[in-house]
Each structure stands twice: as C-alpha cells, then as structure tokens.
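Student: Sharing a structure, written as structure tokens. Questions coming.
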Amino acid sequence: MSRSICILLIALGGCAAPADGPQPAQQGNATRFLTEPSDHEYARALGSRAFRFPEDHAAHDEYRNEWWYFTGNLRDAGGRHFGFELTFFRYAMSPEPVSRESAWGANQAWMAHLAITDTDGREFMAAERFSRQALGLAGSQAEPFRVWLEDWAATGDGPGFLPLHLSAGTDRAGIELTLSGTKPMVFHGDNGLDPKGPEPGNASYYYSLTRLEAAGTVRVADEEFAVNGTAWMDREWGTSALSPNLAGWDWFALQLTDNREVMYYRLRTDDGETSPFSGGSLLLADGTRIALSPQDVILTPLEYWTSDTSGARYPIAWQLGLPGQEMTLQVRPYLQEQELNLTVRYWEGAVSVTGSQRETAINGDGYVELTGY
Amino acid sequence: MNGIQVRSGLLARSGLRFYWRRPWQLCLAVSGIALGVAVYVGVDLANDSARRAFQLTSDLVTGSTTHHLMGTRGEIADSIYRTLRMEHGPVRAAPVIEAEVRLSRLPGRVLTLMGVDPLEESGFRGFSGFVPGRGTDLTRLIVEPGAVLAPAPLLEEMGLELGSEFGLLIGGETRSVRAVGTVLVTSSADEGPTAPLIADIATAQELLGRASLSRVDLILDEAQAERIRALGLPNATLVPAEGRNAAFDELARAFRINLTALSLLALLVGVFLIYATMSFAVVQRRVTFGVLRAIGVSRRQLLTGVMGEALVLGTLATTAGILLGQQLAEGLVDLILRTIGDLYFESSVSAVTPSPTIYWRGIALGLGMTLLAAAAPALDAARSTPNSAMSRAALERSTRRLALRATWLALPAAAVATILLLMSSRSLVLAFAGLFFVIATGALLVPVATRLLARLAEPLVEWGFGISGSLAARGMAASLSRTGVATAALSVAVATVVGIGLMIGSFRISVEEWLTGTLTADVYVNIDGEQFFDDSHRDALSAIPGVRGSSQTRFVRLPTAAGEVSLRALDPGPDGWGVRMTAGSTEAVARMESAEGVLVSEPLAFHRQLQPGDDLILPTASGEQAFTVLGAFRDYSSNGGTVLMPLSVYRSHWADDGINGIGVYLDDETDRETVLGEIRRVFGAGTPVRFRSNDFIRERSMSIFDRTFRITEVLRILAGVVAFLGLASAVMSIELERGRELAVLRALGLRPRQVRALTLAQTGLLGLAAGLFAIPLGIVMAALLIQVINVRSFGWSMDLEIASQPLALGVVLALSAAVLAGIYPAVRAVRTGVAGQLREE
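Dropping the structure here:
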C-alpha cells in the first residue's frame, strides 16, 4: 500500500535534503504529514475504476499523490546479492493547473528516491531528488511510457508498458536495468480500489506487477556488476490521508521461489494495534489473487535494529504467518542498515524469505518497508 | 600578633587611608581605567556584531554555494539549467534570479528580489525554515502568482500582515505581490538579518518580465567543477562562489577593516589611559612607601601590598568598564547596522550575541594594564633604599633616565615599524602591526620631546605669564614622572583623531576629484533591464540644438574564473575618456583607442596583480580571449574590478550592439530645462529610462561616501571624547597632587592669581605639547592609513591632503582637555588655606 512516503512533505516541510549531505532540521516522520486532512478540491478514489492502459500508467494530476515504486533483488554470476529501490513520487500543489507566463510555472512537484544495497560489500546507499514539473525536468507520459526526474527515469521501449528500462545513479552507485513481465497485473483491494480509512474517498487506486524479470548492471563504487533478478512494481494514486490515530505501517512484498507472491501491509495505530484497514494479497503461480484481511495474517517481530544515525528502533526481522494457508514465513534483511535517512526517514530493504507450508520448505526474496518508527 | 602582620596591616591601612582622604583620587583612578576598558570593549563588541551581521547576511544570500554558473551578459538561459540537470550527471544546482526592486509604500527603499526554486534550495541557503504552523506554505509560494516571502520587520514597517498585498516598483511599473510568509533563517533563527524578498523562480520571472536566470548556484567538488568547465556550456562561465560575491565581501571587508583600525586605536587609547592613571596613583605615594620601608616593611611585602591594591582597583574598574562598554556597543551597533542597511539591503540585526572572548580581552586589558602600570613604580620603590624612596628628586632623576632610555627604545621600535611596513606588500595584518609600532615610536619619543619643548617654551611663557610661566615650564620638565605618560597618552589619542580625520578628508577630496574627472557629460541616460538603446537614439540626440555631443556606454558583467568583472565599453564624448591613469604610460589611452588592449581599474590591477603588458582573459562571444593590459586608472566606483575598452572593440568581440548608457554633453549657454525636455522626448514615455544629471550623481555619490564614513566619524569623535575625559581626569589628579608644592609657593609669597596662572599654564603647556606632538604623529598615521592600509584593503590609491582643520582641531582638543583639567585644581589651590595644605602631607 501506502508506501506513500508522504510526498506531502515536499510541500509542508519544505525542501529536499541534499543527498548524502547534512539533514534538514525538520526531517520527519512520514506519517505526521499524512495525517493532514486532504483538500476536498482534489479528485478522490470514490468508486471502482475502469482502468485504461496505457493512459493509467501516466500521472493523474487531479489526485493529490501518486507513485511508481520499483524494488528488486539482483545477483551477479557469482551469486553476489544486491537490492534496489527506485521510486518516483508526484505531489499536486493545487487541484487545478495554474496558468503562468513563466516556463517555470508548475503545480506538480516530484520527488525520487534511489537506494542500493550491496549485501556482500555491506554498503547501503540512498539518495533523493526533487523537482517541479517544468522545463521538462520531471514528469510522466503514457505512450511511450516514461516517468522521470532529471536523468533518473523509467522508460518504456515501445508501444507497450514493458519492457521497461530503469536508469538512475549518483556518484556512489547506480542501476541500469531492463524489466520484463512474466505475470499478469494485480489489482489490490476491490478491483484496484484500496480503502485507507473509514471515510469515503479515503482510498487509492492500487495495482502491481508482482514478478518482473530484471537484467542489467549495478554500479557500486566505480565497479559494475552484470546482474539478473526479480523486481516488483507498485502503482498507486489518490487523495487519501492517514487517519489521525495511525502511527505508521509495515509493508511486505515477498516473491517466493515457487512463483507465488505475498503482499501485505499492516497499518499500525498509535498504541501498536493493527488497523482494520490493513490488507494484502496472496498471488498464486497462475496469477489468481487471494485477498488477505488483517484476520488472515499473524505478524510477529523477531529482531530489532537501532539506527546509529537516527536512533530509531526498527523491527527488521519478522515471522509472517498465514494460518488459513498453513504457511509460516521468516523474513530477514540482507543487511540491517537499510534506513533511508532522507528528507523523509524510513527503513526499506531487501529481505530473504524462508519458511514452510504443510511440511514443504519455501524460499524467496522480497522488500519490506517500515515507517513511523 | 607578630611584627610582620603588624607591618602588612599598616601597609593596607596606609592604602585605605590614602584613598579615604582623597576620594576624588579613587574616583579618577577607577574612572580612568574603566573608560579605557569601556572604549576598547565597546568598539570591539560593536565591531564583532557588525561582522556577524555581515556573515549572516552573506550566508543568507550565498549559503553553502561553492560555484556559480553565470552568463556572459548577466543572464543565463533556462535551457542551460535544464541541460545541466538533465544530461550531466548528479549535480546540486539551484537557479537564482536577483534584481533590485522598490516598494511603492516605501519609495526610497531599494530591496533585492530573489527568485529561487524552493524545491532545490535545501543545502544552499537557510530558507528551509518554512515549517507548518509558522505562517509559510511553500506550495502557495510556488503555485500562486505574485506570492512572496517578505522580511517580517519590513511587513511591520509597512503596517501589513501576512497575506497582505503590496506594490513593487519594477521598470517604472507597479506590480502587486502578496506576502504568503516571512523569511526565516534556520541557522540562527532569532538573530538573522531580514533579507531580500523571496519569490518562486516563476514569480520572479513574471514580475521582472524576463525568461532567463541571473545565475545558477552549485555545490560542487573540484572534480565536478572540472567536469562542468569541460562541457563548454554556451554563454556560461563557472565562477567560484567567493569570486561572484567578491563585491559583497569586499565591501563588508572594507567596512570591517575600518572598524578594526578603530578598535585597535581604541585599544591604544585604553592602554595609555590605564597606564597613566595607575602609574600616577603609585608614583605619588613614594614618600609613604619610603616611610613604610623605614619602619621595617620588607621589599616583598611592599611589592605584594601595592600589587594587591592594584588588583582590587583594577577589578573594580574593569567591571565598571565592561558594563559601560556594553552600553556603548549597543549604541554603536545600531549605527553600524543602519550603515550596512544603507549600503546593502534591509538588515535588522538587533541583538547579535558577541563573542565572549571580547570580554576576556577587556578583562585582560583592564587588569593587565593596571598591574603592569603599578608594577614599574612599585618595583622601583621596593628596590630603592628607604631614604631615596622618600625623595622626589631621586624619582625624577631616575625618570629622566627612563625617559632617555625610552627615547633609545624608540629607535628599535621605528626599525621594527619600517621592517613590518616594507614586508607588508600585500598583508593587511603586517601593515596594521607596522602602524602599531609607528604609534609606539611616537609615544616613546613624547617624554623627551616634552622636556625639549618645555625648555624652548620657557622664555616664551615667562614673557607671557611672568614667574608663573617660567615655573610652569620648568615644573613640567622636572616632573616628567607624573606628566610624561599623560602627555604621551594625550598625544596618541589626539593623533588618532587627527590621523583618521586627515584620512577621511583626503579620501573625500580624491573621490570628488575623481567624480569631476570621470563625469564629463552633463546628463546621463540609462536604460534598465534587458532593453537597449541603439544608434538611432544617438543620432536623434545629436540633432537637438544645444547638444554638443554624446558618449555611448555598454556596461556588462563578465564572469571570469577569478571572479566577476565589470566591463565598460565606451565610445567617448567630446571631452574624452575621463580617466586618470595610475599605472602605465601616457600613451595608454591612445593605444587603447587603436584597439591594442584595455585599461583596468586600480583595484582590479591590485587584486589580480596586473602590470601593464600583462594579459587579462575575458569570456567573449567566441570563447575566452586574452586582452593586453595597457595601464590602470583610478576608479572608486567599485572595489571589484572594472575593465575599460572602446565600444568598437567590444562590439567586434561580443557581437552585441546594445547600448545601456548615453552621456549627453550640452553647450554652456543652453537652457538646460528646455534641452532636457527635448532629450526626454527622444526616448518617449514607455521605455524605462533614467535621467540623471552630472550634479545629481555627484551629490548622490558624495552622500553615499559620507554615509559610509559616518560610523568612522562617530567612532573618531567617541575616541576623542573618551580620551578627553580620561586625560582630563589624569591631568587633574596630577595637578591636585601638587597642592603642597603650590602651598609652599604661596607661603613664599606667590599671589593667588599667580598660583592660578601657574596651574593653568602648566596644564596648558602639557596640552599644547601633546597637541603639537599629535600633529606629526597624526600625519604619519594618515599617510599609513592612506598609502598602506587602504591600498592593501581595497587597492585604492588616493592623495594625502593635509587639511589644516583636523590638525587645528587636534591641538584645540588637547589644549582644552588639559586646560579644563587645570581649572578645578587652580581654584582649589587658592581656596585652601596655606597652612592646611602644608600640613596635609
């Protein structure tokens, strides 16, 4: 879900933190800003939607927030493991476009995050960028598909959405990956309408590509590695706001070696309880979706890690049980230190999965996002 | 109770009794030291506050920017910024538009409008302090046309609240803007100077009617900078941030140097004041010390006792001095900041926290000097036999020897000064150190010169005042132990006042002469913004009857690797180029006319060490090109750099026919108003043209000059007043102490009138001596400030003009301080009964 890393921050908190640089004073906890009530003038996800592609791959400026979220686990020929996260966030600063004389005039702001995990090198690199949607500095288009912030981009090759080329880097690290599809698109919630709270319209449109084949290169400290692996894409837009009593969320996107995937997000209330609006999907090898409600999932933290940088304490290893499936999974990070200490601070990292279902062993990789800690 | 305790108790009691019987002496001693500390602490605190205010202002404008990308014509295309971000890897870049605007509500006020992209500002400037609940919504700044962030004090001054609209005067039109928030500085939230108006880059472009940027600010390491240089972006030059802000920094630095010089002089005045006060307080009790020694007080006990007393006195006075200095600083800070505001932009630093080291330095000065001043005479008293300690004659003999020795010390001091000044070809610190030694040399020569003067003056004053006069002259020469230091102190203080006065006067005259030489046209017409005149304007102007000629100027700012330079391309009018050469041959101007090279302003030549024949690299339309420097000309218009070249040369290298300044030369007999009307008609009403007469520019320039030096003037007067008060008190205590001597004279038959005359003649002589010594010392100081300090600071040369007024003022100041100090002792000496006075000792 709502890995909605509060793009709101852009507007409310001000400016970007320099990548790898000193932190701004009001760096914050994402959720604080998501509790701001949404403006009623923005379009809202009120009912089920007849998705239209390729149009829906591009931005929906009338909704307040939107994101394109890519994560994945990669390995080189020798088995060296890397994780990556590349995310583009759009945030509308006004419901309607404003007519301006200046070419700089804009009502859409963009933020992008890039994180690369080098498990064997025990390195984690995170960077962010900001830009307005002006002068062609940032934006999105449906056909051929492209979403970009400066030279960080996800670009479609031809008329279809896939194959998709991801390109992003900093002085320290970068990725050049081509993603191609192997499984059908998944619409979460009620045919893609995913409620975030009891109020009507406090919801988002949410679909995923849960298994993408990734191939390309990872650059870490001036060294390039040819890699292959599996990636995941989340697409979500809406004008939702977190209910005031929510503290944050724990999000899991797990890709099992038997070609099944588990997506589950737990919304946590201030007193640590699970919100009834938590939810997810279990996707079978043939693409069939089994909806997961909070009652279907038992989450138990196994291990905590405290960040030296922020002092925040994250539950980074979990046991995720699906009693209805007689399935138990242990989720452990490839590297403890996968905290993105950017304008918005959160933990998002590559994880490995082990477990069993009715005596059968299960393995896999995945990504976990922890906010509000 | 043993004997030692009795004797040290005696010593303490003798000290107490001494001050108990002479409360005025205690007051004078304390106030002398306190004033010395106060002047130093006050000026230094004010100086420090000003420095911090500058720093904050500068940080706000520059932030942590390391480089600027600047266009060759003062603007840079949006597309270059886009190219930089999109195609050249990870760079941290922020677009900036800067322009001066006026407020329609406060028409006299010039303000900087700064257009930024708030999303890119983080890490550049301290604008990221816009947090929810503090009245600023960043999205409104970006999305709403006309939204600005205004300095809170400015809103207050205009009587507006957040959300109010107000007008900006831009290019002759009023544009309405709305304050959606205030400017905050996160780095030092409460002490920040209120800065420019901040707008989103789109809003700034719309307000100013332009479609380009002023510059791109970058945070780069050297490798990244090299990479960007290698791109060869069209019409864009990468400039180090210090270079681009050189103009601002130079001005700030100039101001600081000015203040540093004054603070140094305040320190000197303080040192002398304390020394004069304290050494006198000990010297006059020699007899008592002799008696104490005679009854068995040991040398060590005596020394410890006197130093302990000095410590108590010093602590008391230093505390008072620091408190007083703080009061002083508050007034000064206000004045300094107003000057900064006048010169740069609205700056309202109120309570800048000064560095605590100043207080420590003040304490070190107060206590250190008090102890040092007490130590010399105390050591002397302790070392001598009880008998000779009681004799004033012995003291005077040894003082004369000391004075002689001091005179010899003047030689090495002068040598050090010379060496330092010769070594300081570019170093300001060495130059200041040299100045300090020059003053020290002068001070060391004062006692011996006093004696000489007293001898020479004796016949003269005897003729004028009779017996009182000759007594006064001889008395002054004979009582050097009491008067020597006071005279030296008075001399240094007065020399400071004289020297700075001469320097400002000389500077002013040089600026006036320069303006007269440079402003050869009668009326100057300038056009703002991106618009230009063309040759048709010139032809139309020439056709007006009464116009005898015109000049055309293209003024551009050129970014170069070593910082920005101003280029003045001139097609001169009938009265020539109007430059005064300070380096290069006499044919330099003619050679420039025949396109052999360029002339550079004196500061540019100094800062870049350019000699005639050197090459200067400038970015032209066809890439960087070397121009031969033919010579340097005097230019006070900026302490950055100006390059002068013929307009034709500029046009051939920059492929730019624009003209943004025209000088109009009128016939002498023409009716100015009529011609001005005609000229205005040529340009029409629609164009944003400014007309300024020669006189207007001259007056305006001089008023800016005077404002810049107002603070210097105030500090100079302040130094004078404190020196006056402090020295008056020192001299007064000396004269009061002579009560017994005068009583003896009265007992011998001197009439009260004669006694009064004697006292006044003596203090008057002292004042005159100090005033006279201050003249050469002041002239030397002025010469050093002009020829050494100013050149090192700004690269400006000027002619030393020795005006009589500051010199006369110096003598009058010294004389009046001394005479005023003599009045009370003179009256008192007569009023007290002779017997009583004699018994007092």
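Keeping their order, the protein sequence lines are chains A and B.
Taken in order, the first sequence gives residues 399 to 771; the numbers are from this note's numbering.
Taken in order, the second sequence gives residues 2 to 842; the numbers are from this note's numbering.
Just so it is clear, CB atoms sit at the ideal spot from N, CA and C, and this is done for glycine as well.
Name, please, each residue of chain B whose Cβ falls closer than 9 Å to the Cβ of N505 of chain A.
Tutor: Simply T140, I143 and V144.
Student: Within its chain, find whatever has a CB closer than 7 Å to the CB of A566 of chain A; leave out the 5 residues flanking it on each side and keep chain order.
Tutor: Counting only Cβ-Cβ distances below 7 Å, and skipping sequence neighbours, we find L484, L512, W550, G572 and I573.
Student: So the candidates are A:A536, A:G481, A:P493 and A:E541; which of them puts its Cα closest to the Cα of H455 of chain A?
Tutor: The candidate whose alpha carbon is nearest that of H455 of chain A is A:E541.
Student: Report the residue from B:Q626, B:A584 and B:A596 whose alpha carbon sits nearest the alpha carbon of Q610 of chain B.
Tutor: Closest option to Q610 of chain B, Cα to Cα, is B:A584.
Student: For the beta strand (DSSP E) that contains Q717 of chain A, what are its first and last residues?
Tutor: Where Q717 of chain A is concerned, the enclosing beta strand (DSSP E) stretches over R711 to L720.
Student: W502 of chain A touches chain B at which residues, Cβ-Cβ below 7 Å?
Tutor: Within chain B, the residues near W502 of chain A are I202, A203 and Q206.
Student: Could you check whether G503 of chain A and Y532 of chain A sit closer than 8 Å to each other, using their CB atoms as the reference points?
Tutor: A small correction: the amino acid at residue 532 of chain A is Ala; Tyr does not occupy that position in the sequence shown. The answer is yes: Cβ separation under 8 Å.
Student: In this structure, does DSSP put D201 of chain B in helix, strand or coil?
Tutor: Note: D201 of chain B maps to strand in three-state DSSP.
Student: Confirm, please, whether the CB-CB distance from V178 of chain B to G167 of chain B is below 8 Å.
Tutor: With the sequence shown as reference, residue 167 of chain B is identified as Phe, and Gly is not the correct amino acid for it. Yes; because the gap between Cβ atoms is below 8 Å, this pair is in contact.
Student: Quick check: is the beta carbon of E1 of chain B nearer than 8 Å to any beta carbon in chain A?
Tutor: Outside the displayed span of chain B (2 to 842) sits residue 1 of chain B, for which this structure offers no information.
Student: Looking at the unbroken alpha helix (DSSP H) that takes in S537 of chain B, where does it start and where does it end?
Tutor: First-last of the alpha helix (DSSP H) with S537 of chain B: D536 to S543.
Student: Pair every Cβ in the stretch 320-327 of chain B with every Cβ in the stretch 38-47 of chain B, then say whether three or more of these pairs are closer than 8 Å.
Tutor: Contact between the stretch 320-327 of chain B and the stretch 38-47 of chain B is present, because at least three Cβ pairs lie under 8 Å.
Student: Counting along the chain, where does the beta strand (DSSP E) carrying Q553 of chain B start and finish?
Tutor: Q553 of chain B -> beta strand (DSSP E) spans V548 to T561.
Student: From E513 of chain B to T175 of chain B, what does the alpha carbon distance come to, in whole angstroms?
Tutor: Their Cα atoms are separated by approximately 36 Å.
Student: Run through chain B and tell me which residues come within less than 9 Å of E499 of chain A, C-beta to C-beta.
Tutor: Near E499 of chain A (Cβ distances below 9 Å), the residues of chain B are P146, A203, Q206, E207, G210 and A212.
Student: Show which residues of chain A have a CB atom less than 8 Å away from the CB atom of M159 of chain B.
Tutor: Within chain A, no residue comes near M159 of chain B; the closest Cβ sits about 26 Å away, beyond 8 Å.
Student: Name, please, each residue of chain A whose Cβ falls closer than 9 Å to the Cβ of E597 of chain B.
Tutor: By Cβ distance, chain A contributes nothing, its closest Cβ being about 44 Å from E597 of chain B, past 9 Å.
Student: Is there a C-beta anywhere in chain B that falls below 8 Å from the one on F528 of chain A?
Tutor: With 8 Å as the cut-off, F528 of chain A counts as an interface residue toward chain B.
Student: Quick one: what's got a C-beta closer than 7 Å to M504 of chain B's C-beta in the same chain, skipping five residues either side?
Tutor: Correct list, in chain order: A783, L786 and I787.
Student: Are A809 of chain B and A771 of chain B closer than 8 Å when you measure CB to CB?
Tutor: Not a contact, by the Cβ cut-off of 8 Å.
Student: What residues are listed by DSSP as bridge partners for A656 of chain B?
Tutor: Answer is none; A656 of chain B lacks a bridge partner.
Student: Closer than 9 Å, Cβ to any Cβ of chain B: which residues of the stretch 512-542 of chain A, in chain order?
Tutor: Against chain B - using a Cβ distance shorter than 9 Å - the residues of the stretch 512-542 of chain A are A525, R527, F528, S529, R530, A532, L533, G534 and L535.
Student: If you draw a straight line from the C-alpha of G134 of chain B to the C-alpha of L209 of chain B, how long is it?
Tutor: Residue confidence for G134 of chain B is low, a pLDDT of 32 falling below 50, so the modelled location carries little weight and cannot support an answer.
Student: Quick one: any contact between the stretch 485-504 of chain B and the stretch 448-461 of chain B, if contact means 3 or more CB pairs under 8 Å?
Tutor: Yes, they touch.
Student: I'd like to know whether the C-beta of V496 of chain A is nearer than 8 Å to at least one C-beta of chain B.
Tutor: Closer than 8 Å to some Cβ of chain B, the Cβ of V496 of chain A qualifies, so yes.
Student: Specify, as a first and last residue, the run of the alpha helix (DSSP H) that T289 of chain B falls within.
Tutor: First-last of the alpha helix (DSSP H) with T289 of chain B: R287 to A295.
Student: Compute the Euclidean distance between the alpha carbons of G16 of chain B and I275 of chain B, then round it to the nearest angstrom.
Tutor: Their Cα atoms are separated by approximately 19 Å.
Student: Please report how far the alpha carbon of Y702 of chain A lies from the alpha carbon of A683 of chain A, in whole angstroms.
Tutor: Spanning the two alpha carbons is a distance of roughly 32 Å.
Student: Using a C-beta cutoff of 8 Å, does E439 of chain A count as contacting chain B?
Tutor: So, not an interface residue.
Student: My understanding is that T637 of chain A touches E611 of chain A, with C-beta atoms under 8 Å, so please give their C-beta distance in whole angstroms.
Tutor: Not a contact, Cβ separation roughly 34 Å.
Student: Three or more C-beta pairs closer than 8 Å, one from the stretch 518-538 of chain B and one from the stretch 817-828 of chain B: is that the case here?
Tutor: The stretch 518-538 of chain B, when compared against the stretch 817-828 of chain B, does not touch it at the 8 Å Cβ threshold.
Student: How would you call R18 of chain B, buried or exposed, if buried means at least 16 neighbouring beta carbons within 10 angstroms?
Tutor: Label assigned to R18 of chain B: exposed.
Student: Hey, does E88 of chain B have any beta-carbon neighbour from chain A nearer than 8 Å?
Tutor: With 8 Å as the cut-off, E88 of chain B counts as an interface residue toward chain A.
Student: Would you check if the distance between the CB atom of S691 of chain A and the CB atom of G670 of chain A is smaller than 8 Å?
Tutor: Contact: no.
Student: Is the beta carbon of A645 of chain A closer than 8 Å to that of T667 of chain A?
Tutor: Cβ atoms of T667 of chain A and A645 of chain A: closer than 8 Å.
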